[in-house]
Structure formats: C-alpha cells, structure tokens
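Read the structure below first, then the notes.
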Amino acid sequence: MNAKVVTISDGDIGLRNLDVILGLENRIVYDIVDVVEGRCRIRQAMIRDKRLPELFLIPAAQTRDKSAVSPSDMIRLCEELRDEMDWIIIDSPAGIERGFRNALAPADLVLVVTNPEVSSVRDADRIIGLVEAEEKGPAQLILNRVNPALTKRGDMLSTEDVLELLAIKLIGVVPEDESVIVASNRGQPVTFANNSKAGQAFHNIAKRLLGEEVPFMNIEANNGIMNKLAKMMKFRGD
Amino acid sequence: MKPNLGIKQLKQPETILIKGIREGLLITLGEGDWLSIFASLMEKITEKEKFFEGAKLALDVGNRILHAADLGTLRDRLADKNIILWAILSNSPVTELTAQDLGLATRISVPKPERIIKSIESSIPGEDAIFLRKTVRSGFKVVSNGHIIIFGDVNPGGEIIAGGSVIIWGRCQGVVQAGVDGDQNATVCALDLNPTQLRIAGIIAISPKRKGKPQPEVAKIIAGQVVAETWNPKSR
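These protein sequence lines map, in sequence, to chains A and B. Sequence positions in the first sequence follow numbering that gives the first Met the number 0 and run 0 to 237. Sequence positions in the second sequence follow numbering that gives the first Met the number 0 and run 0 to 235.
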C-alpha cells in the first residue's frame with residue numbers, strides 16, 4: 000500500500016481504546032485534551048506507530064469526558080494537521096451526543112460503520128440523517144461483521160437489504176472474523192494478520208478511499224475445508 | 000341636567016344610520032336609551048321632512064326590547080309624518096314577536112347579490128402542501144398542516160404528520176399520520192406502503208406483514224376503518 004501519513008484521532012474521550020488496539024498504551028504522555036487545553040503542542044501528543052512510521056495516534060483522554068473538547072476545538076486541531084497529513088481519521092464514539100458532534104465537525108468525509116442488524120441499521124439511518132442535516136453528507140457505508148452463513152439462511156440482513164434502506168454508497172463489507180478479536184487482544188491491527196478476511200476487507204476499504212477500483216470480495220459461506228484452503232491461497236497470492 | 004348626559008345626547012344623532020334599500024329606507028339605530036334615540040330620530044325626520052315624505056321605512060333596532068306601546072307610538076308618529084313603517088328588524092325575539100303582532104314584517108328580503116358573470120377559469124386552485132425530495136430517516140419528522148409529498152423513502156423510525164393527505168413516492172416504513180385535525184377524507188399513498196403504524200384522522204392501523212412484490216397502495220377510511228387498497232388504474 001502506498002505510504003500515506005495518517006493520524007488517527009480517538010474521538011471517544013473518556014472511553015479510550017484505540018491505543019490498546021494499536022498496542023501503544025504504554026507510550027501515551029499527552030492526550031487530545033492536553034492539546035486543546037494548551038498543555039502541549041499537537042506534535043507532542045502524536046504517538047508514532049511502532050510498525051508503521053507514517054501512522055500516528057492522538058489518544059483520547061481517559062480521565063475526562065466528552066465535554067472537555069468542543070466541535071470548534073476539533074476543527075482547530077484538524078486545521079493544524081491538515082497541511083501535514085494526507086488523512087486524518089477520527090473515530091467517533093457511538094451515540095449522537097457531544098462526542099459524535101466533535102467527530103463530525105471537522106470531517107470532510109463520513110464513513111458510517113454498522114452491523115447488519117435491524118437495531119444497528121436503524122441507528123445508522125439516524126446518523127446518516129444527522130450527517131445530511133449537517134451538510135456533511137452523503138455518508139458512505141461500511142458494513143461490519145457480516146456473517147455469510149446467517150445471511151444465506153435469511154437470518155441476517157443481507158448487504159442488499161441494508162443498502163435498500165440506507166440508500167448510500169457502500170465502501171466496504173467486513174466479514175465476521177475471529178482474527179479481529181485475536182488481533183486486538185494482541186495490540187496488533189487486524190490488517191497485519193496475513194490470512195484474515197476482515198483484514199483484507201479493511202485493506203480494500205483503504206484502497207477504495209484512495210480512489211482505486213477494488214471489487215467487493217466474495218464473503219460467501221465457505222464451510223468446506225477445500226474452500227477455506229482455496230481462499231487462503233488466493234489471499235497469499237494477493 | 001347632568002353634564003355627561005348632555006354629551007351623550009350630542010353623540011346620539013350619529014348613531015342613526017339611514018340607508019336606501021330596494022324596499023325603501025332602512026334606518027339602523029345605534030346604542031342608547033330608546034326614548035332619547037326615538038326623539039333624535041324624529042328630530043332627524045323633521046329636519047328632512049321632504050326627503051322622508053311617503054317613504055317606506057324599515058327600522059333596525061338592534062338588541063332593544065320594545066313593547067307594543069313603544070312600537071305603536073313609533074308607528075303613529077311616523078304616520079303623522081306620512082311615513083309608512085313596514086318592518087322592524089331586531090335581534091331580540093321579544094321585539095320581533097311584538098312587531099309581528101302589530102302586523103309589521105321582521106325580515107327584509109336579503110338583497111340579491113349582483114349577478115357575477117364568471118369567466119371560465121382554466122387554472123384549478125390547489126391546496127397547501129409541502130414537497131420534500133429526500134429520504135426521511137430514523138429520528139426525523141416532517142410536520143405540516145397541509146398535505147405532505149415525499150419524493151423518497153420514509154425509513155423506520157421516521158415520522159410524517161400531516162393535516163391533510165400524504166403521498167410518498169417511495170417506500171414507506173415509518174409512522175404516518177394523515178388528517179391529524181380529524182379530516183376523514185385524508186389518504187396515504189405510497190409506492191410501497193408498509194408503515195410501522197398508520198393513522199388517519201386518529202384511527203390507528205398496523206399494516207399486516209406483506210408477502211410478494213410491493214405494489215402502490217392507497218390507504219383511506221372506509222366505514223370507520225383504515226383500509227389499504229392496491230392502486231388500480233381501472234377503478235378510481
């Protein structure tokens with residue numbers, strides 16, 4: 000993948016966990032609230048990833064809550080970073096309150112992540128509506144934790160069902176994958192796991208965001224061992 | 000005589016309104032004590048004796064309650080001036096009855112409105128409606144006293160509240176209320192009518208689970224119940 004400078008800003012103040020997932024927990028000195036309140040410069044709060052030198056994390060504060068940062072603080076912060084960074088990814092907390100407003104305020108592009116469940120899709124619909132109301136739309140959709148076997152049996156909403164309701168552009172379908180849990184427990188992004196379908200899906204999303212045409216991968220149920228092998232071979236070849 | 004009474008008397012002549020109607024003259028008496036207004040009326044008539052002579056008079060006495068004696072005196076005095084009192088108009092049923100007893104009319108025929116020759120109007124006046132070209136998503140609400148037209152879907156969790164009818168050119172899966180002010184003629188139409196809940200003029204309906212392909216449907220009140228019918232170009 001092309002090297003792009005990326006900063007991930009954790010918008011979930013008070014419930015920080017991106018540092019855990021990236022395995023950067025022990026390196027945090029300053030966080031986003033320190034930057035906003037002027038205790039440090041933005042550079043000081045940016046933690047360089049140990050695997051990818053072009054990836055930085057600005058951690059959320061764990062001891063404060065969402066009201067510590069305002070939407071205008073977020074805009075100011077992102078304006079400061081905009082010239083240096085190719086991408087700034089802001090992880091919005093769940094809900095439609097302050098944390099969501101903070102994450103939305105500086106955004107140029109909104110990616111809505113939802114599970115193919117009726118309640119999740121309902122919430123995603125609301126979020127998409129709020130994004131539209133803020134004139135940040137149209138949002139793009141990432142469908143997460145899709146279980147092909149359940150979908151096939153008709154026990155889970157299919158990608159088509161969700162798209163029919165939400166009527167926005169689909170940018171990625173991430174299959175349900177155990178390796179996500181394994182990877183996050185190890186503090187290792189799932190995108191580094193070689194044979195993870197979810198990891199592959201995230202790679203594809205990144206490529207699509209960069210403007211590449213990537214076909215949606217086949218996430219059909221593959222219960223047979225031969226099928227599984229074939230899939231693995233295919234990924235290796237990628 | 001008290002001074003304020005003097006002012007009153009000065010004002011009273013203004014409260015006598017004389018108007019020519021097809022049947023003769025119509026005099027409308029304003030507020031005030033009957034005897035004094037009667038006096039000022041007679042005064043006025045005496046002033047313009049020539050004008051009133053031979054006139055057919057209808058008198059609007061407002062809310063006053065007049066008895067046979069009052070009306071009799073009035074008629075006699077007018078007759079002295081060669082004026083024919085033929086009608087007494089009153090809001091008081093007592094006065095009306097008294098007048099009828101004296102053989103006076105209590106209604107003057109309503110003057111016929113001038114015949115208006117209407118040019119044939121080729122544009123039809125419409126009704127108030129709002130038009131929305133977007134998807135109504137969960138948590139959003141569209142409210143209007145008039146009709147509502149949505150060019151898009153209404154998703155579950157979305158709400159449409161209209162004083163009139165609702166037309167959805169798209170899929171309807173939210174809550175729709177039409178005729179919230181009690182308009183029983185309100186209808187709800189959608190290309191795919193599958194609302195969480197539908198209310199027309201307060202009557203609640205929950206749409207049954209539909210199988211098969213969606214079809215355009217129209218929901219309306221028939222015999223006190225909300226009924227959804229498939230749109231059929233032949234029977235409309």
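Backbone N, C-alpha and C define an ideal beta-carbon position, used for all residues, glycine too.
query = Within this structure, are the beta carbons of asparagine 143 of chain A and valine 112 of chain A separated by less than 7 Å?
reply = Taking 7 Å as the Cβ cut-off, asparagine 143 of chain A and valine 112 of chain A qualify as a contacting pair.
Task: Closest Cα partner of glycine 145 of chain B within the set B:Ser121, B:Gln176 and B:Thr134 - done: Nearest in C-alpha terms to glycine 145 of chain B, of all of B:Ser121, B:Gln176 and B:Thr134, is B:Gln176.
key: C-beta contact flag for leucine 25 of chain B and alanine 57 of chain B at 7 Å   = Yes, these two residues count as a Cβ contact at 7 Å.
- Proximal residues, the region 131 to 157 of chain B versus chain A, C-beta separation under 9 Å: Answer set for the region 131 to 157 of chain B: Lys133, Thr134, Val135, Arg136, Ser137, Gly138, Phe139, Gly151, Asp152, Asn154, Pro155, Gly156 and Gly157.
| If we count the other Cβ atoms within 10 Å of its Cβ and call it buried at 16 or more, is cysteine 171 of chain B buried or exposed? | Answer is buried; the Cβ neighbour count reaches 16.
Exercise. What did DSSP end up calling leucine 84 of chain B once you bin it into helix, strand or coil?
Worked result: Three-state DSSP puts leucine 84 of chain B in a strand.
request  = Show which residues of chain B have a CB atom less than 8 Å away from the CB atom of leucine 169 of chain A.
outcome  = For a Cβ distance threshold of 8 Å, nothing in chain B lies close to leucine 169 of chain A: the least Cβ distance comes to about 16 Å.
Cβ neighbour criterion (16 or more within 10 Å) applied to lysine 18 of chain B: By the Cβ-count criterion, lysine 18 of chain B is exposed, with fewer than 16 other Cβ atoms from all chains shown falling within 10 Å of its own Cβ.
Below 8 Å, how does it come out for the region 12 to 25 of chain A and the region 33 to 41 of chain A: are there three or more Cβ pairs, yes or no? Short answer: they don't touch.
TODO: Name the residue from B:Ile83, B:Ile64, B:Glu120 and B:Gly23 whose alpha carbon lies nearest to the alpha carbon of glycine 102 of chain B.
DONE: Cα-wise, what sits closest to glycine 102 of chain B is B:Ile83.
Helix, strand or coil at glutamate 158 of chain B according to DSSP, with G and I counted as helix: Strand.
How is alanine 67 of chain A classed by DSSP in three states: helix, strand or coil? The three-state secondary structure of alanine 67 of chain A, taken from DSSP, is helix.
message = Assuming contact is defined by CB atoms lying nearer than 7 Å, are alanine 166 of chain A and threonine 195 of chain B in contact in what I supplied?
response = No, the pair does not count as a contact, with Cβ atoms beyond the cut-off.
Taking CB distances under 7 Å as the criterion, tell me whether isoleucine 20 of chain A reaches chain B.
For isoleucine 20 of chain A, the nearest beta carbon of chain B is not closer than 7 Å to its own beta carbon.
Chain B residues whose Cβ lies nearer than 7 Å to that of aspartate 124 of chain A:
The contacting residues are Arg136, Ser137, Asn154 and Gly156.
| said: Which of the three DSSP states is assigned to serine 122 of chain B in this structure? | reply: Three-state result, serine 122 of chain B: coil.
Legend entry - chain B within 7 Å of alanine 166 of chain A, Cβ atoms only: When Cβ-Cβ separations below 7 Å define contact, alanine 166 of chain A makes contact with chain B.
Establish whether the CB of lysine 219 of chain B and some CB of chain A are separated by less than 7 Å. No - not a single Cβ of chain A is within 7 Å of the one on lysine 219 of chain B.
### Message
Counting beta carbon pairs with one atom in the region 145 to 161 of chain B and one in the region 119 to 137 of chain B, are three or more of them shorter than 8 Å?
### Response
In this structure the region 119 to 137 of chain B lies against the region 145 to 161 of chain B, because at least three pairs of beta carbons, one per stretch, are closer than 8 Å.
Worksheet item: Within the 7 Å Cβ cut-off, does glycine 128 of chain A reach chain D?
Response: Although the question refers to chain D, the structure presented lacks it and instead comprises the protein chains A and B.
For this session: Write down every uninterrupted run of the alpha helix (DSSP H) in the region 20 to 78 of chain B whose length is 4 residues or greater and which is fully enclosed by it, in chain order.
Result: Entirely contained in the region 20 to 78 of chain B, the alpha helix (DSSP H) runs reaching 4 residues are, in chain order, 33 to 46 and 48 to 51.
Practice problem: Return the residue from the list A:Asn193, A:Val28 and A:Val35 that minimises the CA-CA distance to serine 71 of chain A. | Solution: Taking each of A:Asn193, A:Val28 and A:Val35 in turn and checking the Cα distance to serine 71 of chain A, the smallest one comes out for A:Val35.
Item to check | Proximity of leucine 149 of chain A and methionine 155 of chain A at Cβ, strictly below 7 Å | outcome: Yes, Cβ-Cβ distance for leucine 149 of chain A and methionine 155 of chain A is below 7 Å.
_Check whether chain A comes within 7 Å of alanine 222 of chain B, counting only Cβ atoms and requiring the distance to be less than that._
For alanine 222 of chain B, the answer is no, since every Cβ of chain A falls outside 7 Å of its Cβ.
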